[in-house]
Every structure is written in structure tokens, then in C-alpha cells.
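Read through the structure below, which is laid out as C-alpha cells, and then see the notes.
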Amino acid sequence: AARFLEILHAAAAEINPDFRIAIGLGGLDEEREAMLANLVPGIDLEAGPEPEPDLQASGAELHGSYRQGATGHQPLLGVPVPWLAAEKVQELVGAGMRNAGNSGSLIPAQYAPYNVTQEVCRALILDADTDIDAAVAELATEWAGQAAADLVEIWRQVDRALRALPTLPLYAEFGFVWY
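Note that this note's numbering numbers the sequence shown so that position 79 is 81, with each residue one more than the last.
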């Protein structure tokens, strides 16, 4: 797998010398040691806010990885949890991550045209000092006009509810899309 990434990176770098690949090693347990030993510049690693020691020692640039919600919400799209998602992005910024990768929760606008969570994450990634409450209020006003305050309250309730939702991996996480 490391050789494939090296070839892919070299081909892309001919067109864009700044091209980078970020890869998560979560599903590559059997190849993890070999992958880490054979990384070349331009192949970066996804990591959480507290990367494992072997990732830190690899010399690769680490990209923060996050999900917008409490867990994967498949098959629900555009679940409004802007404050929860903001905390996750802010945690990565606080850990010194220069880049963030979204793990499975970016939704095309045609399927969730009013995705407050995604818009708040975008604002934070572009400007880490974004005022979350102000960004949420601005989006609610743009999308709901005079009903903006009600919409913000609904989003707050959903955000609180999903924080209390237990993680049920087989039925509400990756297991749902695997089976």
C-alpha cells in the first residue's frame, strides 16, 4: 500500500508539486508498521487530537480527523449539531493540527441544502476564531427569516439530544452502512 501511495503522489506531483495525500491507517492494522516505515514526503496521516506515539514519531504531517456529529448518522443527512461539530474542530485546532479531514459526514448540498453543521465547520476551518453562536444565528436568519430564533432553539435541542445518544456501532455507526 505504501508503494501505491508513493506512485500516486509522484504522478499527482507532476501536475501539482504541492499535492498531498492524507491517509488514515485505521483499517490497515496488518500493514501499519510497514506503512509508517515507508512514508515519503507528501503522504500525510490522519489522526485524532491525541495522535498515537507511532504516528507522531513517523515524521509525517498529521491531519486532524473529525466527524461532524456524535456518531455517524447514516442514513440521516444534514443532522443539525453545529455546536458539537464546532467543539470537535476546535479541539483539533487546539491540538495544533494545521489541516482537518472530515470522516464520512460531508453531505452534497443537493441532499441537505440547509446543513448548518457543515456550514459552521466550514466557517471554523476557514477562520478558527469564528463566533459559533453568531454564525448559527446568521445562517438561521438567512434561511428562516423571522423564525430564526425558533430554528436556532430547535438546532440547540437536537445538538443536546445527540450528545446524550448512546453509541450503538452496529446499528448507528459504520455497521449500518456495512450490512
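Here a beta-carbon is modelled for each residue, glycine too, at the ideal position from N, C-alpha and C. Remember, it's a predicted structure, so these values are computed and weren't measured experimentally.
In the DSSP assignment, residue 161 falls within the unbroken alpha helix (DSSP H) covering 150-166.
Annotation for residue 78: no alpha helix (DSSP H) segment contains it, and DSSP assigns it neither H nor E.
Residues of the same chain with a CB within less than 7 Å of the CB of residue 68, apart from the 5 flanking positions on each side, are 90, 91, 94, 102, 104, 105 in chain order. Residue pairing for residue 67: DSSP places it in a beta bridge opposite 103. One alpha carbon belongs to residue 10, the other to residue 42, and they sit about 11 Å apart. When only Cα atoms are considered, residue 19 and residue 64 end up about 19 Å apart. Residue environment analysis places residue 151 among the exposed positions, since fewer than 16 neighbouring C-beta atoms fall within 10 angstroms of its C-beta. In this structure, residue 84 places its C-beta atom within 9 Å of the C-beta atom of residue 137. Under the criterion of beta carbons closer than 8 Å, residue 61 and residue 49 do not qualify as touching, at roughly 13 Å.
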